[in-house]
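One gets this note's numbering by counting positions in the sequence shown from 1 and adding 298 to each.
Beta carbons: idealized from backbone N, C-alpha and C, even for Gly.
Quick caveat: nothing in here was measured; it's all calculated off a predicted structure.
Worksheet: the structure to be examined is printed underneath.
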Amino acid sequence: MDIRTIATVFFSILLAHRAFLVFYRLYLHPLATFPGPRLAAVSTLYRAYYQFWRDGKLLHKTIKLHKKYGPVIRISPNEVKSSIHNRTAISYFDIYSTTFNGRKDPDFYNHLRVEADTILLIDDDTGEHKARFQPLASLFSSRQYGQHESNIAKNVERFSSLLSCSAHKHVPCRLAAGYRSLSLGVMNDFVFSDIPDNVKPMASVEFDDPLTIATGDVLNWTLWLTRNFPALSSIIMRLPSSLVSMVTSSFEGANQMFQIISQLVEHEKNHIGPKSKDCVMQRLLNAHRDSESKIAIPTPDATLRSEAVGFTLAGTADPPNILAFGTFMAARDSEMQKGLYKELRAIWPDLRSPAPSYNLLHQLPLLVSGGIHPESPFLELDSANPATNNRGG
């Protein structure tokens, strides 16, 4: 068989594969019933065009698409987006249906570069997920709410003091980095018992701690690449990190983040100080000792590192961008600033006292979901659901 024949066969198979993939995505895919541009259903290059070649105009484009197609649209083969302007109970159920037997998009989650075969974020085996989640379940219960709010308040107080320090010195503040550092502080308290001083977030007014910088690089670059060019990202993620580093430094943030979180996991296992039983790592480390747990062996180190990466990124993907964009929009609107100041002073007359509780803040009209700016919750992922849900929701 000569080269020409081999090439003909190869390209014929490739063409047939692409033709079937187009047909599948248009008519057989679990998201095929959602409305939207047909080009978006076929390839991620549709969203990449507006993100890359049109200088980030995807958000503007989706607003127009919602007007044409409705509150829920398919914006890429494995992604749907919900409009906060026209969101309804029906459209919410369309996305978060517990009866849908789909699986989460592997391309979207593979950018985490986790070692374990699966993590709680993407486990699509209902029985296995339930068994692995059981040791952590009570951390998400209403009984833990008080402890979580206390930790959040502590981090907010630290964040506020750093902002005040910048203001008194008349020094510009890196507010976007500050919001990311604040989010990391909250997540660190949820995932770990103790954080070494050299990697603690909000260590200075510069908000330049290593993990804040690294997670920002991960979410700003690798997530962007994964969303727009998943095939390229999938290839890169299968290569040794040392080889990738020889070609480009763009993934150094991901490598740095993984190294830091690996160190935090080792610190959690070995440090002598007091350890909180109400954090993710301690629950996973002791899951096999729990009489009610179905886990019989100690959690492997690779799983601990992978879960720590998953929880850290899950907790820092959206809040920093939502807070930064909401602040930006409020800074441009003097009337909104006056209204927000009036609402806050009504429930917080003495600024030297601790911040009001979440229950009080949540009642303020300008602080409820979408109050500052309706599109801010969708800036990071611009979708309510990255792909199809795992079995059971």
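Closest Cα partner of residue i within the set the options
i, options, result
"A338", "K365, S310 and V378", "V378"
"R643", "E633, A628 and L659", "L659"
"Y477", "L461, V469 and H586", "L461"
"T610", "G571, L480 and I534", "L480"
"S458", "Q445, H446, L473 and G444", "L473"
"P663", "K592, I645, E641 and V542", "E641"
"F549", "I559, D576 and V516", "V516"
"D576", "K498, M634, S543 and Q445", "Q445"
"G334", "L343, I311, T360 and H315", "T360"
"P508", "K636, A475, A628 and P328", "A475"
"V342", "L537, I417, K362 and V320", "The question names Val, yet the displayed sequence has Thr at residue 342. Ranking the options by Cα distance to T342, first place goes to V320."
"I417", "G608, I559 and R650", "G608"
"P433", "H586, A317, R536 and S540", "H586"
"G613", "Y325, R336 and L419", "L419"
"I284", "R603, M535 and I533", "Residue 284 lies beyond the stretch modelled for the chain, which goes from 299 to 691, so this question has no answer here."
"R336", "P654, L324 and Q661", "L324"
"A429", "K592, Q661 and R630", "K592"
"G483", "G354, R650 and R456", "R456"
Residue i: first and last residue of the uninterrupted beta strand (DSSP E) it sits in
i, result
"K452", "Per DSSP, K452 belongs to no beta strand (DSSP E); it is in the alpha helix (DSSP H), Y443 to H466."
"V370", "V370 to S374"
"E377", "E377 to S380"
Alpha helix (DSSP H) segment containing residue i, residue limits
i, result
"K362", "L356 to Y367"
"G692", "The chain is shown only over 299 to 691; residue 692 falls outside these bounds and no answer can be derived."
"T614", "D599 to T614"
"Q561", "E550 to N568"
"L343", "L343 to A346"
"G571", "Taken as a continuous stretch (DSSP letters only), G571 belongs to no alpha helix (DSSP H), as it is neither H nor E."
"Q432", "Element bounds for Q432: n/a, residue is neither H nor E."
"L582", "V578 to L583"
"Q661", "Unbroken run through Q661: none, as it is neither H nor E."
"L324", "Run containing L324: none; DSSP gives neither H nor E here."
"R643", "S632 to I645"
Rounded Cβ spacing between residue i and residue j (contact assumed at less than 8 Å)
i, j, result
"H565", "D492", "7 Å"
"L562", "A615", "Not quite, the Cβ-Cβ distance comes to about 18 Å (not below 8 Å), so this is no contact."
"V340", "P375", "7 Å"
"L551", "W519", "Note that residue 551 corresponds to Gly in the displayed sequence, not to Leu. About 7 Å separates the two Cβ atoms, so the contact holds."
"F332", "R372", "4 Å"
"V454", "A653", "6 Å"
> Does the stretch 438 to 451 come close enough to the stretch 480 to 494 that 3 or more CB-CB pairs lie under 8 Å?
Replying inline: The stretch 480 to 494, when compared against the stretch 438 to 451, does touch it at the 8 Å Cβ threshold.
>> Under 8 Å, with one C-beta from each stretch per pair, do the stretch 620 to 638 and the stretch 585 to 602 reach the 3-pair mark?
In response: Cβ pair count under 8 Å is below three, so no.
>> With three or more C-beta pairs closer than 8 Å as the rule, is the stretch 555 to 562 touching the stretch 506 to 525?
In response: The stretch 506 to 525 makes contact with the stretch 555 to 562: 3 or more CB pairs, one atom from each, lie closer than 8 Å.
> Just checking, does the stretch 517 to 527 make contact with the stretch 346 to 354 on the three C-beta pairs under 8 Å criterion?
Replying inline: Taking one beta carbon from each stretch, the stretch 517 to 527 and the stretch 346 to 354 have 3 or more pairs nearer than 8 Å; the two touch.
>> Quick test of the definition: if touching needs 3 or more C-beta pairs under 8 Å, does the stretch 501 to 510 touch the stretch 463 to 472?
In response: They touch, by the three-pair rule.
> Counting pairs of beta carbons, one from the stretch 431 to 450 and one from the stretch 579 to 594, are three or more of them closer than 8 Å?
Replying inline: Contact between the stretch 431 to 450 and the stretch 579 to 594 is present, because at least three Cβ pairs lie under 8 Å.
>> As an exercise, report each continuous alpha helix (DSSP H) stretch of at least 4 residues that is fully enclosed by the stretch 458 to 539, in chain order.
In response: You should have 473 to 489, 508 to 515, 521 to 526 and 528 to 535.
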